[in-house]
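Asks: Handing you a structure now.
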Amino acid sequence: MRLLISLSALLVSTLFVQMGIGALRPFDAISGQALGFTPVEIGLLASGHFAGFLLGCIFGPVLVRRAGHSRAFAVMAGMAVISIIAHPILPDALFWAFIRILSGFSVAGCYTLIESWLQAKITNAIRGRVFSIYRLVDMSGQVIANAMIAMLVPASYVSYNIIAIIMCLAILPLAVTQSKEPELPARVSYQPLFAISVSPLAALGVVVAGLSTATFGSVGPIYAIAMGLDLSQIALFLVLSSIGGILSQMPAGILADRVPRRSVLLFFSILATVLCVLMTFSAGDLRIAGIPQVYMLSFLFGFATFPIYSLCAAHASDFVEQDRMLTLSASLIFLYATGAIISPLAAGIIIENFGAAMMFAMIAVAHLLLMLYTVHRTFIRTATRRRSYAYIPRTSLFIASILRNRRGANDRSGKD
Numbered sequence: 370m371r372l373l374i375s376l377s378a379l380l381v382s383t384l385f386v387q388m389g390i391g392a393l394r395p396f397d398a399i400s401g402q403a404l405g406f407t408p409v410e411i412g413l414l415a416s417g418h419f420a421g422f423l424l425g426c427i428f429g430p431v432l433v434r435r436a437g438h439s440r441a442f443a444v445m446a447g448m449a450v451i452s453i454i455a456h457p458i459l460p461d462a463l464f465w466a467f468i469r470i471l472s473g474f475s476v477a478g479c480y481t482l483i484e485s486w487l488q489a490k491i492t493n494a495i496r497g498r499v500f501s502i503y504r505l506v507d508m509s510g511q512v513i514a515n516a517m518i519a520m521l522v523p524a525s526y527v528s529y530n531i532i533a534i535i536m537c538l539a540i541l542p543l544a545v546t547q548s549k550e551p552e553l554p555a556r557v558s559y560q561p562l563f564a565i566s567v568s569p570l571a572a573l574g575v576v577v578a579g580l581s582t583a584t585f586g587s588v589g590p591i592y593a594i595a596m597g598l599d600l601s602q603i604a605l606f607l608v609l610s611s612i613g614g615i616l617s618q619m620p621a622g623i624l625a626d627r628v629p630r631r632s633v634l635l636f637f638s639i640l641a642t643v644l645c646v647l648m649t650f651s652a653g654d655l656r657i658a659g660i661p662q663v664y665m666l667s668f669l670f671g672f673a674t675f676p677i678y679s680l681c682a683a684h685a686s687d688f689v690e691q692d693r694m695l696t697l698s699a700s701l702i703f704l705y706a707t708g709a710i711i712s713p714l715a716a717g718i719i720i721e722n723f724g725a726a727m728m729f730a731m732i733a734v735a736h737l738l739l740m741l742y743t744v745h746r747t748f749i750r751t752a753t754r755r756r757s758y759a760y761i762p763r764t765s766l767f768i769a770s771i772l773r774n775r776r777g778a779n780d781r782s783g784k785d
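Encoded structure:
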């Protein structure tokens with residue numbers, strides 16, 4: 370219990386980081402729409418964020434090794450605050466894209482620090498409990514961030530200041546904590562080709578996961594606006610997607626530990642494909658049918674797409690030795706970020722030329738390819754070992770260290 374209390378500063382900081390940056394992503398799309406940005410420009414903002422995120426995952430540990438955990442976190446969170454409050458200074462799409470690179474870099478650095486600290490502090494005896502609490506905090510922050518959209522005025526100086534204040538609050542718990550800083554994080558290389566060689570299916574799956582979540586979370590508000598939703602309704606539209614994703618974790622985990630993982634991945638890919646086709650070609654009918662149907666599809670979209678990253682990571686882990694898990698995690702995050710960088714800009718181009726609903730056609734094609742490749746790989750190779758499924762936040766590579774030790778203990782005890 371004493372250790373859990375000492376880690377409370379990390380968990381509170383995690384909540385505020387997720388709330389701040391989680392609100393910024395969809396709010397930038399809504400604000401950009403209000404300022405007259407084109408869909409391509411709005412997509413560029415999200416692509417900039419994930420480009421910065423990838424850079425932060427790579428170079429964040431370097432800053433931690435040079436400055437230490439507390440000072441590095443203050444630097445990263447401070448950079449995020451600067452990027453947020455700079456938005457109203459110059460309402461220009463290219464300027465916003467640049468500062469979104471900064472915000473993406475910063476939040477990746479924050480998560481790298483938090484998760485490396487957790488990884489160093491917790492023991493196997495409480496690893497499962499701490500990870501469960503961390504997972505709950507991460508998910509709660511995501512839901513709260515989406516709900517905040519209802520209270521923010523688009524492109525408003527005050528609104529961006531509110532988000533910046535939330536990011537400032539993330540600094541305070543770690544600034545006053547008396548917990549001793551852990552050892553500096555180890556150097557880890559990003560080897561996307563390694564992940565592809567271990568499991569081509571998992572590699573494709575995490576790219577598709579990045580494409581789906583980045584497009585929906587960052588460009589999805591354009592679709593919601595086109596469907597006639599106001600701010601409070603857009604917030605609920607996003608919240609329901611997050612809740613759907615959260616609620617899918619338990620059934621996905623149960624299935625993934627009891628039946629072949631490819632079968633579970635195939636099920637969620639088929640469901641995502643069908644939902645995206647419905648959201649693409651029934652947009653006109655949805656406007657007539659009413660908002661509840663839009664909400665239902667948003668919930669189901671989150672339910673279908675949210676578990677895919679964790680399913681693919683669990684599938685890939687079945688083919689790699691324990692000492693390569695950290696390299697695998699880093700490589701999967703690299704591939705996830707690659708999909709997340711490309712897809713919002715591509716979605717913006719599609720929306721500008723074919724309409725907002727066609728954004729989901731792009732996602733449908735991606736999941737259709739994943740579905741077909743899953744069927745193909747089923748006849749190529751069979752997994753020889755099964756590690757337990759766990760929801761994995763796409764935050765930093767160090768979350769794999771927490772899971773690696775937890776799974777290692779389970780594997781040694783003979784548990785699935």
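Quick note on the working numbering: the sequence shown kicks off at 370 and runs consecutively. Cβ atoms here follow ideal geometry from the backbone N, Cα and C, with glycine treated the same way.
1) Mapping DSSP to helix, strand and coil, what is S377?
2) On the three-state DSSP scale, how would you describe P676?
3) Taking the alpha carbon of P395 as the point to measure from, which residue in A709, A514, M508 has its own alpha carbon closest?
4) Could you compute how far the alpha carbon of R781 sits from the alpha carbon of I749?
5) Can you confirm whether L379, when its beta carbon is compared against all beta carbons of chain D, has any partner nearer than 7 Å?
6) Less than 6 Å between C-beta atoms, sequence neighbours within five positions excluded: which residues of the same chain meet that for A443?
7) Can you tell me whether DSSP reads E484 as helix, strand or coil?
8) Considering only their Cβ atoms, is the gap separating G401 from R469 smaller than 7 Å?
9) Answer yes or no: do A403 and P523 have a C-beta to C-beta separation smaller than 7 Å?
10) Would you say G389 and M536 are within 7 Å of each other, going by their C-beta atoms?
11) Can you tell me whether V545 is buried or exposed, with buried defined as 16 or more other CB within 10 angstroms of its CB?
12) Tell me whether F563 sits in a helix, a strand or coil according to DSSP, three-state version.
13) Which same chain residues end up closer than 7 Å to P676 when comparing Cβ atoms and leaving out the 5 residues on each side of it in sequence?
14) If you draw a straight line from the C-alpha of G724 to the C-alpha of A730, how long is it?
15) Which whole-angstrom value describes the C-beta separation of L704 and V512, a residue pair presumed to lie in contact below a C-beta threshold of 8 Å?
16) Hey, how far is the Cα of V386 from the Cα of S651?
17) Any idea what DSSP makes of T649, helix, strand or coil?
18) Among the residues of its own chain, which have a CB less than 6 Å from the CB of L482, if the five just before and after it don't count?
19) Let me confirm a value: S566 is counted as buried when at least 16 other C-beta atoms fall within 10 Å, else exposed. Which label applies?
20) Using the beta-carbon count (16 or more within 10 Å), is L379 buried or exposed?
21) On the three-state DSSP scale, how would you describe D692?
22) Could you check if R631 is buried or exposed, using at least 16 other CB atoms within 10 Å of its CB as the buried criterion?
23) Give a yes or no on whether the C-beta atoms belonging to A706 and A604 are separated by under 7 Å.
24) Quick test of the definition: if touching needs 3 or more C-beta pairs under 8 Å, does the region 407-424 touch the region 457-472?
25) Could you give the residue range of the alpha helix (DSSP H) that holds L609?
26) Would you kindly work out how many angstroms separate the C-alpha atoms of A778 and A715, rounded to a whole number?
27) DSSP state of M728, grouped into three classes?
28) With a Cβ-Cβ cutoff of 7 Å, do V588 and P713 count as a contact?
29) Which residue from G586, I719, L609, C479 puts its Cα closest to that of L423?
30) Please report the Cβ distance between A415 and G579, rounded to the nearest whole angstrom; I am assuming they are in contact, meaning their Cβ atoms lie under 8 Å.
31) Looking only at its own chain, which residues have a Cβ that is under 6 Å from the Cβ of G614, when we skip the five neighbours before and after it?
32) First and last residue of the alpha helix (DSSP H) that includes I453?
33) Assign H736 to buried or exposed, taking buried as 16 or more other Cβ atoms, counted over all protein chains shown, within 10 Å of its Cβ.
34) Rounded to whole angstroms, what's the CA-CA distance from P661 to S667? Just pull it up for me.
35) Apart from the five residues just before and just after M445, which ones in its own chain have a Cβ nearer than 6 Å to its Cβ?
Replies: Put simply:
1) S377 sits in a helix when the DSSP states are folded into three classes.
2) In the displayed model, P676 falls within coil according to three-state DSSP, outside both helix and strand.
3) Of the candidates A709, A514, M508, the residue whose Cα lies closest to the Cα of P395 is A514.
4) Note that R781 has pLDDT 42, beneath the 50 cutoff, so the model's placement of it is unreliable and the number below is only indicative. Rounded to whole angstroms, R781 to I749 spans 29 Å at the Cα level.
5) No chain D is part of this structure, which consists of one protein chain only.
6) So the qualifying residues of the chain are I540.
7) Three-state DSSP puts E484 in a helix.
8) No, the pair does not count as a contact, with Cβ atoms beyond the cut-off.
9) Cβ distance < 7 Å, so A403 and P523 count as in contact.
10) Yes. Within cutoff.
11) Exposed.
12) Secondary structure of F563 (DSSP, three-state): helix.
13) Answer for P676: S617, Q618, A621, F637, listed in chain order.
14) Just so you know, the alpha carbons of G724 and A730 end up roughly 11 Å apart.
15) At roughly 26 Å, the Cβ-Cβ gap does not stay under 8 Å, so L704 and V512 are not in contact.
16) Between the alpha carbons of V386 and S651 lies a distance of about 36 Å.
17) T649 carries a helical assignment under DSSP once its states are collapsed to helix, strand and coil.
18) In its chain, beyond the 5 residues on either side, V433, H438, A441, F442 have a beta carbon closer than 6 Å to the beta carbon of L482.
19) In summary, S566 is exposed, with fewer than 16 beta-carbon neighbours lying within 10 Å of its beta-carbon over all protein chains present.
20) The residue in question, L379, is buried, as its Cβ has 16 or more Cβ neighbours within 10 Å.
21) In this structure, DSSP gives D692 a helical state, which the three-state scheme calls helix.
22) Classification for R631: buried.
23) Not closer than 7 Å, so no.
24) Contact between the region 407-424 and the region 457-472 is present, because at least three Cβ pairs lie under 8 Å.
25) In the DSSP assignment, L609 falls within the unbroken alpha helix (DSSP H) covering 600-627.
26) With a pLDDT of 47 at A778, under the threshold of 50, the modelled position of that residue is not reliable, and no figure is offered here.
27) The DSSP-derived three-state label of M728 is helix.
28) V588 is a Cβ neighbour of P713, given a cutoff of 7 Å.
29) Of G586, I719, L609, C479, the residue nearest in Cα terms is C479.
30) In this structure, A415 and G579 do not form a Cβ contact; the two beta carbons are roughly 11 Å apart against a cut-off of 8 Å.
31) Spatial neighbours of G614 in its own chain (CB-CB distance under 6 Å, excluding positions within 5 residues in sequence) are listed in chain order as G671, F675.
32) First-last of the alpha helix (DSSP H) with I453: 438-454.
33) H736 should be labelled buried.
34) Cα-Cα distance, rounded: 10 Å.
35) Around M445: S475, G478, C479.
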